[in-house]
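Here is the structure we will look at, set down as structure tokens.
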Amino acid sequence: MRSITIDVEEAWQTEVARKVVPRSSWDHQPSRVVDATQGLLTLLAEHDAPATFFFLGCIARQHPRLVRDVADAGHEIACHGDGHDHLSRLNPISMLADVTRAKKTLEDLAGQPVLGYRAPTWSVTRANPWAIDVLHQAGFLYDASIFPTLHPNYGIPDAPISPFRVASRPDSPTLLAIPPLVWRLGGRNIPVAGGGYFRLLPLQPMLSGLSQARRDHRPAILYFHPWEFDADQPRLPLPLLSRLRMYRGVGSSTRRMARVLSTFAGWTSLAQRLPELSAVARTQRPLVLSTGSSERQVA
Ligand SMILES: [Zn+2]
1 MRSITIDVEE AWQTEVARKV VPRSSWDHQP SRVVDATQGL LTLLAEHDAP
51 ATFFFLGCIA RQHPRLVRDV ADAGHEIACH GDGHDHLSRL NPISMLADVT
101 RAKKTLEDLA GQPVLGYRAP TWSVTRANPW AIDVLHQAGF LYDASIFPTL
151 HPNYGIPDAP ISPFRVASRP DSPTLLAIPP LVWRLGGRNI PVAGGGYFRL
201 LPLQPMLSGL SQARRDHRPA ILYFHPWEFD ADQPRLPLPL LSRLRMYRGV
251 GSSTRRMARV LSTFAGWTSL AQRLPELSAV ARTQRPLVLS TGSSERQVA
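Residue 1 is where the sequence shown starts when you use full-length UniProt numbering, and the numbers rise one by one after that.
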């Protein structure tokens with residue numbers, strides 16, 4: 001069981017770009033997401049690989065045809081929130097408004113229910129257990145935002161590395177959580193599932209992680225962004241280190257992804273395998289994000 005997931009956003013909507021491209025200027029930025037996503041559709045079609053596309057609601061409203069094209073090509077339409085707000089900038093009320101708006105936009109365009117959510121920048125963490133209750137309330141069936149690794153800006157290092165059930169508190173309802181692939185090495189979870197880990201490292205760690213998951217009968221979920229495949233995009237005036245992280249390897253991403261897709265077979269969207277993913281989750285211990293009872297509740 002292995003899946004490609006795509007977070008559909010512009011390069012200038014990423015967290016790192018916010019410092020040089022403020023939200024107030026988004027309407028005036030050049031859009032490149034349509035061509036980059038169409039290129040991914042071609043690549044996925046060549047390898048007969050249905051995938052899951054986590055769309056931003058604001059992208060869907062600006063490029064409605066793109067949502068329909070992705071859905072018509074047989075891919076799953078899922079939700080990446082509306083305005084790419086890191087959850088640390090939202091609260092239960094504003095997150096509910098954000099995801100509800102995006103979910104409705106996407107369902108109206110795609111003509112299919114939107115089952116899954118991925119937070120911008122993997123921002124479902126122990127700092128915001130209420131996010132799980134918000135996703136329940138908004139009608140999502142799964143979350144794909146919990147990264148079982150140690151990172152300064154995200155991650156829950158002790159989260160299960162296979163699909164699991166997650167709850168905000170011990171007495172709250174659980175939600176299916178589908179984590180990205182990690183490679184178990186020396187007792188650590190090495191992130192190898194995509195993004196910068198895909199572009200900055202040799203391809204071998206990702207291939208090793210996929211082989212290990214196959215051997216362990218563990219679902220393997222990879223993630224990419226359309227802008228990571230856009231070699232000709234104008235470079236944002238970011239600090240040197242951020243620029244390296246953002247743009248290194250974009251010229252070889254298509255070739256590398258083709259190699260990943262042809263090395264392993266049987267790629268499906270997450271929605272296609274939801275019963276199996278749920279069955280795996282029932283074999284894992286549930287993760288409770290907060291043991292306290294004083295968390296803010298959704299009104
Ligand atoms: Zn994103």
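Every residue, glycine too, gets a C-beta built ideally from N, C-alpha and C.
Query                                                                                                                                                                            : Result
Given a cut-off of 9 Å, decide if VAL250 and residue 304 are closer than it, judged by their beta-carbon atoms.                                                                  : No answer is possible for residue 304: it lies beyond the span of the chain, which begins at 1 and ends at 299.
Just reading off the alpha helix (DSSP H) that VAL134 is part of, what are its end residues?                                                                                     : 130-138
Excluding the 5 residues preceding and the 5 following ALA60 in the sequence, name in chain order all residues of the same chain whose CB lies nearer than 8 Å to its CB.        : LEU66, VAL67, ALA102, THR105, LEU106, LEU109
Quick one: what does DSSP say GLY251 is sitting in, helix, strand or coil?                                                                                                       : helix
Going along the chain, which residues of its own chain have a beta-carbon closer than 8 Å to the beta-carbon of ARG243, five neighbours each way excluded?                       : ARG235, LEU236
Taking C-alpha atoms, which residue in ARG169, MET95, PRO160 lies nearest to VAL280?                                                                                             : PRO160
Could you check if THR121 belongs to the surroundings of ligand 1, using beta carbon to heavy atom distance under 8 Å?                                                           : yes
Distance check for TYR117 and ARG169, CA to CA, integer angstroms please.                                                                                                        : 20 Å
According to DSSP, which residues form a beta bridge with ASN189?                                                                                                                : ARG184
What does a CB cutoff of less than 7 Å around ALA73 pick up in its chain, not counting 5 residues either side in sequence?                                                       : LEU41, ALA45
Applying the 10 Å Cβ sphere with the 16-neighbour rule, what's the burial state of ARG215?                                                                                       : exposed
Buried or exposed for SER294, please, with buried defined as at least 16 other CB atoms from any protein chain shown within 10 angstroms of its CB.                              : In this prediction, SER294 has a pLDDT of 48, which is less than 50 and means its spatial position is unreliable; what the coordinates show is noted afterwards. Exposed, since its Cβ has fewer than 16 Cβ neighbours within 10 Å.
Is LEU185 buried or exposed, if buried means 16 or more other CB atoms sit within 10 Å of its CB?                                                                                : exposed
Does DSSP classify THR37 as helix, strand or coil?                                                                                                                               : helix
Can you tell me where the beta strand (DSSP E) holding PHE53 begins and where it ends?                                                                                           : 52-55
Cα separation between HIS75 and LEU56?                                                                                                                                           : 16 Å
Determine the DSSP secondary structure at ARG285, reduced to helix, strand or coil.                                                                                              : coil
Sorted by chain position, which residues of the same chain lie with C-beta nearer than 8 Å to VAL298's C-beta, five sequence neighbours on each side aside?                      : Confidence is the limiting factor: at VAL298 the pLDDT is only 46, short of 50, which leaves the residue's position unreliable and the question unanswerable from this model.
Is the beta carbon of GLN13 within less than 8 Å of some heavy atom of ligand 1?                                                                                                 : yes
Under the three-state reduction of DSSP, which class applies to ASP98: helix, strand or coil?                                                                                    : helix
Label LEU240 either buried or exposed according to how many other C-beta atoms from any shown protein chain fall within 10 Å of its C-beta, with 16 as the threshold for buried. : exposed
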